[in-house]
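S.K.: In order, the protein sequences belong to chains E and D. Last residue of the first sequence: number 218 in this note's numbering, and the count goes up by one each step with no gaps. Last residue of the second sequence: number 581 in this note's numbering, and the count goes up by one each step with no gaps.
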Amino acid sequence: MTAHAAAPSVGHAAPAQGGVGVYTQKVGMWVFLVSEVMFFTALIGSYIILRWGTGAQWPDPRTVLAIPITALNTFILICSSVSMVKAYAAATRDDQAGLKKWLLLTVLGGATFVSVQAYEYHHLIEKGFLPSSGVFGSAFYTMTGFHGFHVTCGVISMIWVTVRAFRGRYAGGNYRGVETIGLYWHFVDLVWIILFTIVYLI
Amino acid sequence: MTAHAEAVAHAAHDDRSFIRKYVFSTDHKTIGIQFLFLSLFFLLVGGLLAMGIRWQLGFPGQAMPLGGWLPQSVAPGGVVAPKTYNSLVTMHGTFMIFFAVMPLLVGVFANYLIPLKIGAPDMAFPRLNMWSFWLMIPSGGLMLASLFVLGGSSAAGWTVYAPLSATPDYSGVHLGQQLWCLSIVIFGLSSLLGSVNYITTVVNLRAPGMTWFRLPLSVWALFITAVLAILAVPILAGAVIMLLFDQTIGTHFFQPDVGGQPLMWQHLFWFFGHPEVYILILPAMGIASDIIANGARKPIFGYSSMVYAMIAIAFLGFVVWGHHMFQSGMNPTLASTFMVSTIVIAVPSAIKVFNWLGTLWRGNIHFTTPMLNALAFVSMFIIGGLSGIFMASTPVDMYIHGTYFIVAHIHYVLFGGSLFAVFAGIYFWYPKMFGRQMSERWGKVHFALTFVFYNLTFFPMHILGIGGEMRRIYDPTVYDFLRPLQPINVFITINAFLLGLSQLVFAANFIGSLFKGEKAERNPWRDTGLEWTTASPPPHGNFAETPHVYHGPYEYSVPGMDDDFLPVTTPPTGRAA
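Encoded structure:
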């Protein structure tokens with residue numbers, strides 16, 4: 017009878033039978049991130065081909081982009097990764113106050129990053145640097161734009177996780193949701209470090 | 005016990021409202037069947053477009069039957085206009101690859117079979133799975149809508165090579181190409197959600213005892229296919245987004261006049277496109293393996309080599325994309341590398357073919373409709389595979405590149421291969437899906453007609469290709485050197501129409517059997533698989549109790565047993581528990 021009771025509520029990841037010992041949401045997130053890696057590979061690979069593979073005229077990024085403010089922005093995003101780690105650590109200790117605090121800081125870090133990026137776009141567009149400004153403009157806006165879109169999605173999901181944290185959903189050692197969103201957050205952070213290096217610094 | 009279990013499961017069934025049960029269902033079986041109806045519809049659309057292509061090639065400049073119903077801008081006086089012809093070719097390829105064959109193989113069979121065959125109650129993420137289907141509606145809808153917008157649909161071929169596709173200046177197509185891009189991006193999302201589900205489900209939700217090397221080859225194939233899709237489809241999404249930006253917000257990725265790289269489109273597209281070829285054939289191989297073992301009443305020959313061969317094909321699939329670009333001005337040294345890696349794929353493919361033949365060897369073969377279609381798959385795949393080796397050799401490809409030879413090749417692997425396996429799979433699992441049998445007699449009629457007309461349609465295309473007829477030609481009769489070949493084109497066109505008409509037999513059998521088919525038992529094919537141990541159709545949640553697996557998937561004709569098959573759930577003592 018108990019087996020029957022379980023049957024209709026399926027799909028909420030019935031206990032892993034013969035799985036790999038990693039819970040289902042985490043496996044799913046890793047698989048999703050693999051595909052995200054491939055998506056950014058398409059964009060970054062195209063950037064490399066367009067910039068170094070063809071001998072096209074390429075402006076010095078320092079003359080177009082504001083490196084210092086973006087460096088600060090990069091620092092903020094890395095800090096939000098640190099606060100994500102702290103949130104996860106708090107969740108594993110069942111430290112609910114710590115979890116809420118660090119999640120809020122992570123949301124704040126991510127939101128700040130997106131806001132500064134919006135400010136940067138506004139500034140660049142006023143200066144006349146547009147997606148149609150040569151191949152550099154095309155690649156710059158497409159790559160940073162898609163990264164910004166990913167951060168925005170991350171912030172929205174993080175707000176949702178934070179609301180759940182305030183409702184006590186991650187109490188009692190149930191920290192899977194925090195860990196899963198954390199994986200995504202670190203991935204987005206890592207992508208930015210690569211983008212910042214090859215688009216702004218080199 | 006089982007009757008009781010069914011009663012309980014049936015009660016659970018009724019908990020769901022009509023909408024939750026049949027429309028926005030999270031049940032993998034319902035989603036699989038939704039994919040089945042949707043992709044059969046797109047198969048019909050793609051097939052009708054092909055009829056238009058064939059009419060123009062067989063009878064260029066003559067009014068199409070019913071062509072007078074089309075708008076004058078599309079078909080003046082019922083004659084296919086040159087631009088319309090380009091649209092027909094493009095949209096036929098697009099619909100068939102993205103909206104018919106890929107969802108038929110992956111959307112239908114991965115959704116329907118994976119949880120049932122591994123003993124799981126549902127997918128790992130049922131709600132994402134529902135989204136994967138419902139994203140196909142806007143995706144397919146936009147693609148259909150693009151046929152009717154001002155300026156016509158995309159006309160750059162299904163590979164939408166830049167710069168033809170990147171600026172409307174060249175093709176005159178505006179909105180149609182943008183809708184094409186948007187539709188493919190949404191399609192990519194749908195494929196992503198599906199693939200995440202299939203991989204996670206196979207990794208984590210296998211029933212106790214269902215070890216990796218007890219997975220049926222169909223599940224292995226669908227799993228490897230999902231891995232390919234996870235790695236390849238995002239590349240297409242990235243490339244198509246860049247193409248869309250080129251058309252809409254003025255970027256210059258593929259526009260050579262401002263430093264863009266049209267050739268980069270080919271690299272990106274084929275980096276996706278070649279793994280896509282294996283996305284379209286691996287599930288067919290898996291389905292055929294299951295059905296051939298069942299039909300021959302023998303264990304599959306060389307099970308583990310079948311698995312390793314599929315893994316090898318999947319891996320090699322990522323290092324061969326340049327063989328689509330031998331004519332692009334590629335460095336001949338690089339072309340030689342791609343030639344070698346491509347020809348190496350013949351090795352795992354041949355392993356699979358020999359294993360299928362080994363399975364049939366001295367088997368007790370039952371020529372059921374699914375088995376006939378699976379055998380057609382193997383034989384057509386051999387022909388398509390051999391013509392593939394022609395194309396892979398750079399010196400030969402230089403001559404036959406972009407001719408009807410490649411059209412023959414792709415149809416031998418995609419229709420002769422994938423689509424025969426799809427038919428085999430539909431005939432085989434129809435009783436499980438709908439609880440009724442399709443008519444065997446009409447199934448065999450459909451098979452015979454399809455097999456004959458299919459070969460009469462596509463085999464002569466090899467001859468046209470060697471004769472030099474170009475792949476996307478509007479009117480072959482304007483070239484002196486092609487005029488002697490025109491009778492072959494007429495012959496192909498007549499057979500193509502007959503091939504199309506033969507599918508009416510399938511449609512009638514499919515729809516008729518839904519209502520009037522003979523009631524199916526649990527296990528009409530006397531198969532060993534887990535899906536046959538539950539009711540037809542299986543209840544919500546699939547299994548009343550979590551099944552235990554004790555054997556490999558192909559225990560047919562085990563010596564010393566009364567039955568010629570040993571279900572995977574039978575405990576090793578041989579007696580039912």
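Cβ coordinates follow ideal geometry from the N, Cα and C atoms, glycine included.
1) When Cβ atoms are compared, which residues of the segment 252 to 283 of chain D fall closer than 7 Å to chain E?
2) Who pairs with Ser157 of chain D in a beta bridge, going by DSSP?
3) How would you call Lys520 of chain D, buried or exposed, if buried means at least 16 neighbouring beta carbons within 10 angstroms?
4) Taking the continuous alpha helix (DSSP H) assigned at Asn377 of chain D, which residues delimit it?
5) Check Thr407 of chain D in the structure and name its three-state DSSP category.
6) With a threshold of 16 other CB atoms inside 10 Å of the CB of Gln60 of chain D, please say whether the residue is buried or exposed.
7) Assuming contact is defined by CB atoms lying nearer than 8 Å, are Tyr161 of chain D and Val93 of chain D in contact in what I supplied?
8) State yes or no: is the C-beta of Thr363 of chain D within less than 8 Å of the C-beta of Lys302 of chain D?
9) Between Gly242 of chain D and chain E, is the shortest Cβ-Cβ distance under 8 Å, so that the two count as touching?
10) For Ser222 of chain D, which residues in the same chain have their Cβ closer than 8 Å to its Cβ, ignoring the five residues on either side in sequence?
11) Under the three-state reduction of DSSP, which class applies to Phe258 of chain D: helix, strand or coil?
12) Leaving out the 5 sequence neighbours to the left and right, which residues in its chain are closer than 8 Å to Phe28 of chain D when beta-carbon positions are compared?
13) Which of the three DSSP states, helix, strand or coil, is assigned to Ala15 of chain D?
14) Alpha helix (DSSP H) containing Ile141 of chain E: first to last residue?
15) What does the Cβ neighbour count give for Ile496 of chain D, buried or exposed, with the cut at 16 atoms within 10 Å?
16) Do the segment 261 to 274 of chain D and the segment 86 to 97 of chain E meet, that is, are 3 or more Cβ pairs less than 8 Å apart?
17) Going along the chain, which unbroken runs of the alpha helix (DSSP H) with 4 or more residues stay wholly within the segment 334 to 360 of chain D?
18) With 8 Å as the threshold, decide whether the Cβ of Gln33 of chain E is near any Cβ in chain D.
19) Would you call the CB atoms of Gly192 of chain D and Leu232 of chain D closer than 8 Å?
20) Taking DSSP as the reference, what is the three-state secondary structure of Arg58 of chain D?
21) Skipping 5 residues on each side, what residues in its chain have a beta carbon closer than 6 Å to that of Gly44 of chain E?
22) Should Thr204 of chain D be flagged as near chain E, meaning a C-beta pair shorter than 8 Å?
23) Answer yes or no: do Met465 of chain D and Gly420 of chain D have a C-beta to C-beta separation smaller than 8 Å?
24) Say whether chain D places a C-beta atom closer than 8 Å to the C-beta of Ala134 of chain E.
25) Quick one, which of D:Ile477, D:Ala425, D:Pro167, D:Ala297 has its alpha-carbon nearest Val382 of chain D's?
26) Can you check whether the C-beta of Leu199 of chain E is within less than 8 Å of a C-beta belonging to chain D?
27) Would you mind stating whether Arg20 of chain D and Ala500 of chain D have Cβ atoms separated by less than 8 Å?
28) What number of angstroms, rounded off, separates the C-alpha of Ala32 of chain E from the C-alpha of Met127 of chain D?
29) Just reading off the alpha helix (DSSP H) that His202 of chain E is part of, what are its end residues?
30) Any beta carbon of chain D sitting closer than 8 Å to that of Thr79 of chain E?
31) Give a yes or no on whether the C-beta atoms belonging to Ala524 of chain D and Arg440 of chain D are separated by under 8 Å.
32) Step through the CB atoms of chain E and report whether any lies within less than 8 Å of the CB of Phe322 of chain D.
33) Hey, how far is the Cα of Lys87 of chain D from the Cα of Ala159 of chain D?
34) Which residues share a DSSP beta bridge with Arg476 of chain D?
35) At a Cβ cut of 8 Å, what residues of the segment 104 to 129 of chain D count as close to chain E, listed as they run along the chain?
36) Check whether the Cβ atoms of Phe145 of chain E and Gly153 of chain E sit closer than 8 Å, and answer yes or no.
M.R.: Quick look at the numbers:
1) For the segment 252 to 283 of chain D, the beta-carbon criterion of a distance under 7 Å to any beta-carbon of chain E is satisfied by Ile253, Gly254, Thr255, His256, Phe257, Val262, Gly263, Gly264, Gln265, Met268, Leu272.
2) To locate residue 157 of chain D, count along the second sequence from 1; it is residue 153. Bridge partners of Ser157 of chain D: D:Gly180.
3) Within the second sequence, residue 520 of chain D is the residue found at index 516, counting from 1. Result: exposed.
4) Locating residue 377 of chain D in the second sequence gives position 373, counting from the first residue. 373 to 396 is the extent of the alpha helix (DSSP H) around Asn377 of chain D.
5) Here residue 407 of chain D corresponds to residue number 403 of the second sequence, with the count starting at 1. In the three-state DSSP reduction, Thr407 of chain D falls in the strand class (E or B).
6) For the purposes of this step, residue 60 of chain D is taken as residue 56 along the second sequence, with counting starting at 1. With 16 or more Cβ atoms within 10 Å of its Cβ, Gln60 of chain D is classed as buried.
7) Here residue 161 of chain D refers to the residue found at position 157 of the second sequence. Here residue 93 of chain D refers to the residue found at position 89 of the second sequence. According to the sequence shown, residue 161 of chain D is Gly rather than Tyr. Contact flag set, yes.
8) Locating residue 363 of chain D in the second sequence gives position 359, counting from the first residue. Locating residue 302 of chain D in the second sequence gives position 298, counting from the first residue. Lys302 of chain D is positioned such that its CB atom lies closer than 8 Å to that of Thr363 of chain D.
9) As a working note, residue 242 of chain D is residue 238 in the second sequence. So yes, Gly242 of chain D belongs to the interface.
10) In the second sequence, residue 222 of chain D corresponds to position 218, counting from 1. The beta carbon of Ser222 of chain D sits closer than 8 Å to the beta carbons of Phe113, Leu117, Lys121, Pro287, Gly290, Ile291, Ser293, Asp294 from its chain, once the five residues preceding and following it are set aside; these are given in chain order.
11) Taking the second sequence and counting its residues from 1, the one referred to as residue 258 of chain D is at position 254. Residue state, collapsed to three classes: coil.
12) Within the second sequence, numbered from 1, the residue matching residue 28 of chain D stands at position 24. The answer, listed in chain order, is Met134, Trp138.
13) Numbered from 1 along the second sequence, position 11 holds the residue referred to as residue 15 of chain D. Low local confidence applies: a pLDDT of 44 at Ala15 of chain D is under 50, so the model's placement there is unreliable, with the coordinate-based value given in what follows. In the structure shown, Ala15 of chain D falls within a helical segment according to DSSP collapsed to helix, strand and coil.
14) Indexing the first sequence from 1 puts residue 141 of chain E at position 125. Where Ile141 of chain E is concerned, the enclosing alpha helix (DSSP H) stretches over 112 to 142.
15) As a working note, residue 496 of chain D is residue 492 in the second sequence. Answer is buried; the Cβ neighbour count reaches 16.
16) Contact fails between the segment 261 to 274 of chain D and the segment 86 to 97 of chain E, because fewer than three Cβ pairs, one in each stretch, are under 8 Å apart.
17) Secondary structure within the segment 334 to 360 of chain D: the alpha helix (DSSP H) runs of 4 or more consecutive residues, fully enclosed, are 336 to 348 (chain order).
18) Working through the first sequence from its first residue, we reach residue 33 of chain E at position 17. The predicted position of Gln33 of chain E is uncertain, since its pLDDT is 49 and thus under 50; no value can be drawn from it.
19) Along the second sequence, read from residue 1 onward, the residue named residue 192 of chain D stands at position 188. Along the second sequence, read from residue 1 onward, the residue named residue 232 of chain D stands at position 228. Cβ atoms of Gly192 of chain D and Leu232 of chain D: not closer than 8 Å.
20) Residue 58 of chain D sits at position 54 when you count from the first residue of the second sequence. In this structure, Arg58 of chain D counts as helix in the three-state DSSP scheme.
21) Within the first sequence, residue 44 of chain E is the residue found at index 28, counting from 1. The beta carbon of Gly44 of chain E sits closer than 6 Å to none of the beta carbons in its chain outside the five residues before and after it.
22) As a position in the second sequence, residue 204 of chain D is number 200, starting the count at 1. Contacts with chain E at 8 Å (Cβ-Cβ) include Thr204 of chain D.
23) As a working mapping, residue 465 of chain D is identified with position 461 in the second sequence. As a working mapping, residue 420 of chain D is identified with position 416 in the second sequence. In this structure, Met465 of chain D sits away from Gly420 of chain D, with a CB-CB distance that is not shorter than 8 Å.
24) In the first sequence, the residue the question calls residue 134 of chain E occupies position 118. Chain D, which has no Cβ nearer than 8 Å to the Cβ of Ala134 of chain E, makes this no.
25) Counted from its first residue, the second sequence places residue 382 of chain D at position 378. Val382 of chain D has its Cα closest to that of D:Ala425, out of D:Ile477, D:Ala425, D:Pro167, D:Ala297.
26) Sequence index remark: in the first sequence, residue 199 of chain E carries index 183 (1-based). With 8 Å as the cut-off, Leu199 of chain E does not count as an interface residue toward chain D.
27) Indexing the second sequence from 1 puts residue 20 of chain D at position 16. Indexing the second sequence from 1 puts residue 500 of chain D at position 496. Cβ atoms of Arg20 of chain D and Ala500 of chain D: not closer than 8 Å.
28) Residue mapping note: residue 32 of chain E aligns to position 16 of the first sequence, counting from 1. Residue mapping note: residue 127 of chain D aligns to position 123 of the second sequence, counting from 1. No answer about Ala32 of chain E holds up, because its pLDDT of 43 lies below 50 and its placement is not dependable.
29) The sequence position of residue 202 of chain E within the first sequence is 186, counting from 1. Annotation for His202 of chain E: the continuous alpha helix (DSSP H) segment containing it runs 192 to 211.
30) Translated into positions along the first sequence, residue 79 of chain E becomes position 63. No - not a single Cβ of chain D is within 8 Å of the one on Thr79 of chain E.
31) Locating residue 524 of chain D in the second sequence gives position 520, where the first residue counts as 1. Locating residue 440 of chain D in the second sequence gives position 436, where the first residue counts as 1. It is a contact, given that the beta carbons lie within the stated cut-off.
32) Mapped onto the second sequence, residue 322 of chain D falls at position 318. Phe322 of chain D is outside the set of residues whose beta carbon lies under 8 Å from a beta carbon in chain E.
33) In the second sequence, residue 87 of chain D corresponds to position 83, counting from 1. In the second sequence, residue 159 of chain D corresponds to position 155, counting from 1. Rounded to whole angstroms, Lys87 of chain D to Ala159 of chain D spans 7 Å at the Cα level.
34) As a working mapping, residue 476 of chain D is identified with position 472 in the second sequence. Residue pairing by DSSP leaves Arg476 of chain D without any beta bridge partner.
35) For the segment 104 to 129 of chain D, which is checked against every Cβ of chain E, the residues closer than 8 Å are Gly123, Ala124, Pro125, Asp126, Met127, Ala128, Phe129.
36) Residue numbering aside, residue 145 of chain E sits at position 129 when the first sequence is read from its first letter. Residue numbering aside, residue 153 of chain E sits at position 137 when the first sequence is read from its first letter. Contact: yes.
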